[in-house]
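Below: the structure, in structure tokens.
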């Protein structure tokens with residue numbers, strides 16, 4: 011590091027911090043109009059409520075005070091971050107014809123006065139920082155006006171904390187950039203997701219910047235940051251496609267409540283405050299309620315949806331096609347009759363459902379009927395009045411026939427088709443039946459009250475069945491998806507075994523952009539080596555590579571009784587709880603071990619807060635919390651240190667058991683201890 015360069019960068023930073031602080035103070039003054047009590051309530055709602063509740067409250071406050079409160083509040087949160095770390099990088103770009111380069115300071119959020127002072131990481135020019143490892147000539151980047159060519163003369167990274175610059179790196183060909191990543195990861199405590207805007211890799215930015223109008227499928231190995239990339243992709247979309255895709259009309263889907271709540275911890279850090287995040291079951295339930303389908307849903311009934319493979323789904327889709335053919339023929343038959351031949355200009359569209367087609371035809375017929383009646387009323391003695399009278403009679407008969415066909419779809423065809431595929435609607439529907447019926451409903455009737463989402467991100471996508479994807483594709487506009495997952499972490503019986511199967515089920519997915527992330531950034535080299543050893547007997551595909559972050563070897567112990575296992579755990583955890591400054595995950599293979607672990611911790615320290623991960627409770631994630639969970643519920647999470655209770659690595663019998671052990675072991679960032687019974 012050059013002392014003079016460091017001095018100049020510190021001086022520049024001080025100027026920027028002062029400017030940001032001034033705008034922050036100005037924004038706070040503008041917000042003070044709503045009053046201290048309302049501001050405190052606003053912060054409380056933001057921390058504890060869902061996007062919809064926050065949207066409603068902030069809208070009401072804004073209208074009451076004649077203030078664009080949402081934008082002001084969002085900007086205040088951005089400025090609060092920028093006062094501590096205004097930027098994390100700098101690139102200098104020079105036009106070939108000029109002697110001097112233009113510096114661009116890149117931050118998590120942008121800041122401008124008359125000219126941009128901090129460039130938002132999502133801006134087109136910021137892509138240069140992620141795409142080019144070191145300075146070089148004639149680099150290209152996109153702008154709203156088209157492609158630009160510049161010389162990248164400087165690429166510099168900063169370490170800034172609390173508004174103070176401690177270090178800078180000139181990213182030249184001699185610098186191994188993994189050193190920067192390792193330095194950043196070392197500061198993380200786990201327990202919550204952190205943004206990666208300063209360390210996004212080329213493989214990740216390719217996914218983030220991929221066109222959202224095309225389906226994106228990402229096979230990401232364990233610890234490759236796929237969940238984090240998914241949320242960064244959303245932030246990038248909202249910034250660059252504000253008129254096409256809106257946060258309030260987008261959704262993140264996870265398999266369970268634990269994961270959806272965990273992922274949501276990253277939203278506010280990236281300035282996302284009004285996106286929906288749900289489990290697939292919540293989404294299905296919501297669709298039934300909004301559409302007033304009126305069936306009793308027993309969504310807790312566990313049923314394997316995996317029997318809907320590509321062949322069975324193809325038969326379901328062919329059945330829909332045959333129904334389309336049937337009703338198109340019925341409509342053509344009706345309009346081909348001599349008495350209705352003059353109204354044959356109405357066309358059947360395969361882009362609409364049979365029910366929607368009939369509804370559109372009825373609207374046109376009703377309009378034609380009204381026209382004929384009005385003409386007759388205005389010209390009762392016209393020579394053409396007998397013709398209009400005949401047309402009115404014909405139109406009424408025609409409307410009756412089309413209405414009958416419309417009722418046939420909803421009252422007979424839908425129910426009969428559902429029954430053909432094993433759905434009995436008399437006594438309520440299970441989860442699988444609810445999925446099948448909803449798909450048929452959307453394909454035959456169409457959505458009338460539920461607006462389709464403009465964009466959808468699916469996390470842990472390998473755990474979703476083809477039937478679930480089929481239904482999801484009908485609830486998202488033009489099937490705009492990003493699907494993130496890892497086939498080596500498939501632990502659900504009905505999950506995806508090949509990403510190609512999705513492309514067979516969803517028409518739009520045939521032209522999907524497919525990406526692979528193969529490097530683990532979460533865990534130490536020792537933990538990854540251990541985890542890979544678990545999976546190697548069963549597969550050589552999609553195993554994670556390490557960035558050589560060095561740490562302690564995993565501790566693996568086996569005991570001849572569970573009592574001895576718990577006694578050893580008690581000795582270890584008692585030392586751990588003396589100084590807890592990082593996240594700690596305790597993953598149990600049985601309910602019995604989970605209860606025993608809780609009792610041990612409470613015995614050591616009755617005041618110790620334990621976050622028990624459960625599907626039925628809302629969870630507040632913290633960076634230095636103690637988390638207790640069953641092994642089935644640990645997917646997608648990360649902790650600085652992990653204890654796995656009840657796992658005997660040498661007794662693994664099949665690939666499913668290996669995957670579960672692989673998932674449990676790779677939750678650990680820095681330290682891993684596995685205690686099992688022989």
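Numbering (our numbering), first residue to last: 11 to 688.
Ideal Cβ positions, reconstructed from N, Cα and C, are used throughout, including at glycine.
| Query | Result |
| --- | --- |
| Using a threshold of 9 angstroms, state whether the C-beta atoms of residue 450 and residue 424 are closer than that. | yes |
| On a CA-only basis, which of 165, 113, 177 is nearest residue 16? Give me that one, please. | 177 |
| Applying the 10 Å Cβ sphere with the 16-neighbour rule, what's the burial state of residue 399? | exposed |
| For residue 690, report the span of its alpha helix (DSSP H) as first-last. | Since the first and last residues shown for the chain are 11 and 688, residue 690 lies out of range. |
| Using a 10 Å radius around the Cβ and a threshold of 16 neighbouring Cβ atoms, would you call residue 286 buried or exposed? | buried |
| Can you have a look at residue 94 and say buried or exposed, based on whether 16 or more other CB atoms are within 10 angstroms of its CB? | exposed |
| What first and last residue would you give for the alpha helix (DSSP H) that runs through residue 304? | No alpha helix (DSSP H) contains residue 304, which DSSP labels as neither H nor E. |
| What does the Cβ neighbour count give for residue 536, buried or exposed, with the cut at 16 atoms within 10 Å? | buried |
| Locate the alpha helix (DSSP H) running through residue 542, then write down its first and last residues. | 535-545 |
| Which residues does DSSP pair with residue 180 in a beta bridge? | 166 |
| Could you give the first and the last residue of the continuous alpha helix (DSSP H) run that contains residue 40? | 13-41 |
| If we require 3 or more residues per run, which beta strand (DSSP E) segments fall completely within the segment 65-147? | 99-104, 112-117, 126-130 |
| Does the pairing of the segment 151-160 with the segment 131-138 give three or more beta-carbon distances under 8 angstroms? | yes |
| For residue 596, which option in 554, 640, 590 has the closest C-alpha, if you only look at C-alpha atoms? | 640 |
| CB residue 646 to CB residue 196, shorter than 9 angstroms? | no |
| Go ahead and pull the three-state DSSP assignment for residue 471. | helix |
| Where residue 75 and residue 34 are concerned, what is the direct C-alpha to C-alpha distance, given to the nearest angstrom? | At residue 75 the pLDDT is 46, less than 50, meaning the model places this residue with poor confidence and gives no usable figure here. |
| Which one of 375, 203, 259, 167 has the shortest CA to CA distance from residue 350? | 375 |
| Based on Cα-Cα distance, which residue from 106, 122, 112 lies nearest to residue 89? | 122 |
| Whose CA, out of 635, 665, 664, 625, lies closest to the CA of residue 267? | 625 |
| Hey, residue 490 and residue 465: beta-carbon distance below 9 angstroms or not? | yes |
| What residues in its chain sit with their C-beta under 7 angstroms from that of residue 651, if we drop five residues either side in the sequence? | 592, 594, 678, 680, 681 |
| Is the segment 522-530 touching the segment 245-263 in the sense that three or more CB pairs, one from each, lie closer than 8 angstroms? | no |
| Compute the Euclidean distance between the alpha carbons of residue 241 and residue 211, then round it to the nearest angstrom. | 15 angstroms |
| On the three-pair Cβ rule with 8 angstroms, is the segment 221-231 touching the segment 492-501? | yes |
| Given the structure, does residue 126 come close to the ligand MN, in the sense that its CB is under 8 angstroms from one of the ligand's heavy atoms? | The model on display carries no ligand, and the ligand MN is accordingly not part of it. |
| Can you tell me whether residue 158 is helix, strand or coil according to DSSP? | strand |
| Report yes if the C-beta distance between residue 243 and residue 217 is below 9 angstroms; otherwise report no. | yes |
| Leaving out five residues before and five after residue 313 in sequence, what residues of the same chain have Cβ atoms less than 7 angstroms from its Cβ? | 440, 441, 442 |
| What is the DSSP secondary structure of residue 150, counted as helix, strand or coil? | strand |
| Within 10 Å of its beta-carbon, does residue 25 have 16 or more other beta-carbons around it, so buried, or fewer, so exposed? | exposed |
| Can you list, in chain order, the residues of its chain with a C-beta nearer than 7 angstroms to that of residue 359? Leave out the 5 residues immediately preceding and following it. | 367 |
| Take the Cβ of residue 118 as the centre, count every other Cβ of all protein chains shown within 10 Å, and call the residue buried at 16 or more, exposed below. | buried |
| Tell me, please, which residues DSSP counts as bridged to residue 683. | 565, 653 |
| Going by DSSP, what residues sit across from residue 171 in a beta bridge? | 174 |
| Can you tell me the Cβ-Cβ gap for residue 672 and residue 519, rounded? I've got them flagged as a contact below 8 angstroms. | That pair is no contact at about 27 angstroms. |
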